[in-house]
Every structure is written in structure tokens, then in C-alpha cells.
Amino acid sequence: MSFQATAASAVFVLTIIAIASGRMRRSVAALLGASLLMAFNIIPAHRAVAYIDFNTIGLLMGMMIIVGVISRTGLFQYIAVMTVKATGGRPHLTFISVLTVTALLSAFLDNVTTVLLVSPVVISLVDLMDVNPIPFLIGEAFASNIGGTATLVGDPPNIIIGSFANFSFMDFIFNLTPAAILVLAVVTAWLTYHFRKDLAGGEKAAERIAQVDESRLIKDRYLMVRASAAMILVVAGFGVHHLLDLPASVIALLGAALLLAAVPVNGDEIIHRDIEWPTILFFASLFIIVGALNDTGVIAATSGLFGSLFGGRPILAAIAVLWFSGLVCAFVNNVAFSATFVYVVRDMATATGMDPDPLFWALALGACLGGNGTFLGSAANVIVADIAEKSGNRIQFRTFMRTGLKVVAISLTTASLYVVVRWGGLF
Numbered sequence: 033m034s035f036q037a038t039a040a041s042a043v044f045v046l047t048i049i050a051i052a053s054g055r056m057r058r059s060v061a062a063l064l065g066a067s068l069l070m071a072f073n074i075i076p077a078h079r080a081v082a083y084i085d086f087n088t089i090g091l092l093m094g095m096m097i098i099v100g101v102i103s104r105t106g107l108f109q110y111i112a113v114m115t116v117k118a119t120g121g122r123p124h125l126t127f128i129s130v131l132t133v134t135a136l137l138s139a140f141l142d143n144v145t146t147v148l149l150v151s152p153v154v155i156s157l158v159d160l161m162d163v164n165p166i167p168f169l170i171g172e173a174f175a176s177n178i179g180g181t182a183t184l185v186g187d188p189p190n191i192i193i194g195s196f197a198n199f200s201f202m203d204f205i206f207n208l209t210p211a212a213i214l215v216l217a218v219v220t221a222w223l224t225y226h227f228r229k230d231l232a233g234g235e236k237a238a239e240r241i242a243q244v245d246e247s248r249l250i251k252d253r254y255l256m257v258r259a260s261a262a263m264i265l266v267v268a269g270f271g272v273h274h275l276l277d278l279p280a281s282v283i284a285l286l287g288a289a290l291l292l293a294a295v296p297v298n299g300d301e302i303i304h305r306d307i308e309w310p311t312i313l314f315f316a317s318l319f320i321i322v323g324a325l326n327d328t329g330v331i332a333a334t335s336g337l338f339g340s341l342f343g344g345r346p347i348l349a350a351i352a353v354l355w356f357s358g359l360v361c362a363f364v365n366n367v368a369f370s371a372t373f374v375y376v377v378r379d380m381a382t383a384t385g386m387d388p389d390p391l392f393w394a395l396a397l398g399a400c401l402g403g404n405g406t407f408l409g410s411a412a413n414v415i416v417a418d419i420a421e422k423s424g425n426r427i428q429f430r431t432f433m434r435t436g437l438k439v440v441a442i443s444l445t446t447a448s449l450y451v452v453v454r455w456g457g458l459f
């Protein structure tokens with residue numbers, strides 16, 4: 033391994049350790065790692081900037097602005113009260129409802145947009161029920177990644193893989209939606225059992241909430257209607273952005289800008305307070321660090337070794353792709369990994385004569401489901417963690433990882449059974 037590859041690997045590992053220890057903010061640790069790589073020319077500055085996914089950054093900023101405006105209308109509190117009333121105020125039923133709705137939304141929105149929409153509702157829910165918010169917030173992150181697995185537009189890795197392999201929206205519905213539903217059911221059942229102590233009680237709060245007049249929670253109907261309309265138009269734009277030849281980030285930013293221009297709010301205050309700038313910095317820095325791993329050949333070398341070990345045995349190769357991508361994407365951003373590993377899958381299939389499609393589907397499952405392992409695996413995890421901290425409910429890296437790695441193991445095991453049945457000649 034070259035000096036550059038060793039240095040990039042060391043910086044990546046030390047960044048993870050710094051974040052996991054809790055002694056350094058995520059954004060600061062990632063910024064320090066990225067800066068060191070550029071300072072020692074492990075990755076030149078112009079290459080580093082090229083690795084920053086500005087589509088992701090712009091999408092985050094646009095949706096944060098729109099959600100920030102909606103949060104001022106009282107709509108999230110209204111939805112929270114209605115949800116609690118519908119579930120009879122029973123925390124475990126509310127928990128299951130939150131996970132199900134989050135997964136459903138994430139199948140048709142990207143998971144970042146989903147958690148930006150759902151997190152404020154979840155925080156309002158737990159405040160009303162007077163229960164521990166951490167299980168709800170962590171579960172929401174897990175559900176967003178699982179639901180995003182189901183469709184072409186649900187998670188960025190699927191967009192990358194679908195484009196590379198020429199898979200259509202309906203290809204994803206037919207091949208991955210059943211897997212996502214199966215994994216969601218198993219994980220939801222396990223999480224409900226795992227958090228059973230935190231989901232106990234809440235009955236007294238439910239009785240109190242039943243007396244609440246939810247219509248009084250709407251603070252500004254004028255603003256709510258316009259902000260909600262902006263959100264609906266932006267979401268519709270996501271569905272046809274390929275026809276408009278516009279990236280999702282442009283649609284989100286345009287919707288946010290038009291909304292700020294059309295409603296009587298302080299735009300500077302929204303931009304300053306509602307855009308999670310540490311999150312933006314964290315993602316930009318993380319893209320640079322992973323870019324260095326790619327530039328120095330670390331990811332390619334690891335993937336090449338993988339291909340030499342499992343080439344020629346289709347189902348074994350698919351299971352290996354599933355688990356390898358799932359475990360790696362617990363610690364490496366799944367967007368950067370997928371963008372690199374699609375070439376490995378293609379080359380391995382070409383060299384061995386295997387059908388590449390099951391390998392690509394296994395990669396999509398692993399990259400999306402593996403993102404539940406740690407904060408680093410998926411953008412949605414970081415967003416949930418930052419929103420939670422802003423509301424006074426900090427989620428420790430180790431707390432998330434302890435539950436997340438178990439969820440990944442359960443998800444990958446369930447997905448492995450699906451892969452064997454679906455592409456192993458049994459179905």
C-alpha cells in the first residue's frame with residue numbers, strides 16, 4: 033500500500049474514532065480530517081472540491097428552509113396530536129405508526145427529505161406523550177433507510193445503481209420493494225421488543241391529549257397553506273426532475289427561494305437558524321475524506337480482492353456483495369461507496385460471465401440497509417442526530433451504533449434469505 037493510501041486510511045479511521053469517542057463534534061472531526069488530507073496533498077484541493085456532492089448539499093439546504101417555514105405554522109404539532117389520538121395514545125402503537133409512515137414516505141421521497149419532514153412531528157409526539165424520544169428518533173432513521181431501499185428514488189445509492197445498470201422505476205418495485213417490506217416488518221418487530229421499556233406508559237398523557245383541540249395548534253393558516261403548497265410542488269418536482277433535466281437540489285432550492293420571497297417571514301433568520309450548518313460542513317468534509325480513499329486506490333483495492341474471492345459463484349457472490357456493502361456502508365457514506373462499487377460489480381460479472389443484475393440488486397440492498405449501522409452510513413442518520421440534539425435530545429454515536437449494528441445484522445440476514453429465494457432458483 034502506498035504512503036498516500038496508508039495516510040488516507042489512517043485519517044479515515046482516526047476521524048471515525050474521534051466521532052465515536054464523543055470528544056469532538058462530528059463536523060469538527062470531519063473538517064480536521066479533510067483539511068489534513070488536503071494540507072499534505074494526499075488529495076489535491078481541486079480534486080477534493082470535485083468530490084463534494086453539491087446535489088446532496090443543495091437538497092439538504094432547500095428542504096431545511098422549507099421545513100423551517102412549515103415548523104412556524106404549528107402544522108407538525110397538529111399532526112402529532114392527531115397521530116396520538118388515532119393510536120389511542122399507546123406509545124408502542126405510535127412507535128409502529130411512526131416507523132411505517134416514515135418508511136412509506138421514504139420510498140417516494142429521498143430519505144433525507146423524509147426525516148426532515150418527520151423529525152419535527154416525532155419530537156412533538158414524544159413531548160405530548162411524555163416518553164423517551166430516543167427510540168422514536170433512532171427508529172425513524174432506521175425506517176427511512178429501509179423504506180428508501182424500495183424504489184429508484186428512495187435512496188441516493190439506488191439512483192446511482194439504477195442509472196448505471198439501466199434499471200427502471202418498476203424494476204425496483206418488482207425486485208426490491210418486497211425485500212424492503214419484509215425487512216421493515218422484521219426490524220419493526222425487533223425494535224418494538226428492544227425498546228419495550230421505553231415504550232411503556234403514556235396512558236395519562238393520552239387522556240390529557242384527548243382533551244386538546246388540535247385546530248387551535250395551527251398558528252398561521254396563511255403561512256401553512258403556502259408553505260405546504262411549496263412542499264407539495266417540490267415533492268412533485270422530485271418525481272419528474274429527470275424530465276425537467278434538473279437535479280433535485282435545484283428544485284429544492286428554487287422552491288425554498290420562491291417560498292421565502294412569497295411569504296411574510298424573515299428569510300435571513302430562517303437561513304441562519306433552520307439550516308443545520310454543522311451538518312452541511314460534516315457532509316462536505318466526509319465527501320472529501322471518502323474521495324481520498326477512492327483517489328488513493330483503497331476502495332478499489334478492497335473491492336478487487338473481493339472480486340477475486342467470490343467471482344464465478346453467483347449466489348455466493350450476491351450474498352457476499354450484500355454483506356460486504358452492508359458492513360462497509362455502516363461506516364462509509366453509502367453514496368460514495370455505491371458510486372465506486374458499481375464498477376467492481378460490472379467488471380466481476382463481465383470477467384466471470386455471471387448475470388450482473390442479482391449482484392446490482394444485492395449491492396442496492398446492502399448499501400441502503402447497511403447505512404443504519406452508524407451516523408456515517410447515511411445522510412438521514414446525521415440529520416436525525418442533529419435535529420435531536422437541537423431539541424435537547426442528543427443521540428450519542430455509541431448509542432446509535434449499538435442498536436444500529438444489530439439492526440444491520442437483522443436486516444442483512446433477512447435480505448440474504450430474500451436473495452436466495454428470489455435469485456437462487458427457488459422462486
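Using this note's numbering, the first residue of the sequence shown is number 33, and each one after it goes up by one.
Backbone N, C-alpha and C define an ideal beta-carbon position, used for all residues, glycine too.
Excluding sequence positions up to five away, which residues of its chain have a Cβ less than 6 Å from the Cβ of residue i?
| i | result |
| --- | --- |
| residue 167 | 227 and 230 |
| residue 420 | 169 and 427 |
| residue 51 | 58, 61 and 429 |
| residue 252 | 105 |
| residue 158 | 165 and 168 |
| residue 56 | 50 |
Report the rounded CA-to-CA distance for residue i versus residue j, giving the unit in angstroms.
| i | j | result |
| --- | --- | --- |
| residue 232 | residue 162 | 11 Å |
| residue 73 | residue 105 | 48 Å |
| residue 3 | residue 103 | Only positions 33 to 459 of the chain appear in the structure, and residue 3 is not among them; the question remains open. |
| residue 153 | residue 397 | 28 Å |
| residue 136 | residue 203 | 18 Å |
| residue 34 | residue 196 | 30 Å |
| residue 453 | residue 141 | 28 Å |
| residue 160 | residue 360 | 38 Å |
| residue 80 | residue 320 | 5 Å |
| residue 369 | residue 194 | 15 Å |
| residue 458 | residue 448 | In this prediction, residue 458 scores a pLDDT of 45, lower than 50, which makes its location untrustworthy; the coordinate-derived value is nonetheless stated afterwards. So the two alpha carbons sit approximately 13 Å from each other. |
| residue 405 | residue 280 | 26 Å |
| residue 271 | residue 65 | 36 Å |
| residue 444 | residue 71 | 39 Å |
| residue 388 | residue 402 | 21 Å |
| residue 149 | residue 174 | 15 Å |
| residue 221 | residue 176 | 16 Å |
| residue 258 | residue 267 | 14 Å |
| residue 313 | residue 385 | 43 Å |
| residue 422 | residue 308 | 9 Å |
| residue 78 | residue 67 | 13 Å |
| residue 206 | residue 223 | 27 Å |
| residue 32 | residue 383 | Nothing about residue 32 can be reported from this structure: the residues present for the chain run from 33 to 459 only. |
| residue 96 | residue 283 | 13 Å |
| residue 290 | residue 322 | 34 Å |
| residue 346 | residue 373 | 17 Å |
Is the beta carbon of residue i within less than 6 Å of some heavy atom of the ligand MG?
| i | result |
| --- | --- |
| residue 88 | The ligand MG is absent from the structure shown, which contains no ligands of any kind. |
If you follow the alpha helix (DSSP H) that residue i is in, where does it begin and where does it stop?
| i | result |
| --- | --- |
| residue 142 | Segment: none, residue 142 is in no alpha helix (DSSP H) and carries neither H nor E. |
| residue 386 | Here residue 386 belongs to no alpha helix (DSSP H), and DSSP marks it neither H nor E. |
| residue 109 | 107–118 |
| residue 209 | 209–226 |
| residue 403 | Residue 403 -> no alpha helix (DSSP H), and no H or E assigned at all. |
| residue 307 | That residue, residue 307, is in no alpha helix (DSSP H); it is neither H nor E in DSSP. |
| residue 33 | Residue 33 -> no alpha helix (DSSP H), and no H or E assigned at all. |
| residue 434 | 429–455 |
| residue 258 | 253–276 |
| residue 94 | 86–103 |
| residue 58 | 58–71 |
| residue 351 | 346–360 |
| residue 188 | 188–197 |
| residue 364 | Careful: residue 364 lies outside any alpha helix (DSSP H) and carries neither H nor E. |
Sorted by chain position, which residues of the same chain lie with C-beta nearer than 8 Å to residue i's C-beta, five sequence neighbours on each side aside?
| i | result |
| --- | --- |
| residue 179 | 134, 135, 136, 137, 138, 139, 143, 146, 186, 212 and 216 |
| residue 151 | 169, 172, 415, 416, 419 and 420 |
| residue 311 | 59, 92, 414, 415 and 418 |
| residue 305 | 100 |
| residue 132 | 175, 216 and 220 |
| residue 209 | 139, 182 and 183 |
Here's the rule I'm using: 16 or more other beta-carbon atoms within 10 Å means buried, otherwise exposed. How should residue i be labelled?
| i | result |
| --- | --- |
| residue 198 | exposed |
| residue 38 | exposed |
| residue 411 | buried |
| residue 248 | exposed |
| residue 357 | buried |
| residue 85 | buried |
| residue 275 | exposed |
| residue 225 | exposed |
| residue 318 | buried |
| residue 301 | exposed |
Please go through the same chain and pick out, in chain order, the residues whose beta-carbon is closer than 7 Å to the beta-carbon of residue i, but skip the five residues on each side of it.
| i | result |
| --- | --- |
| residue 156 | 108, 109 and 112 |
| residue 40 | 69, 74, 324, 325, 328 and 330 |
| residue 399 | 189, 357, 361, 366, 369 and 370 |
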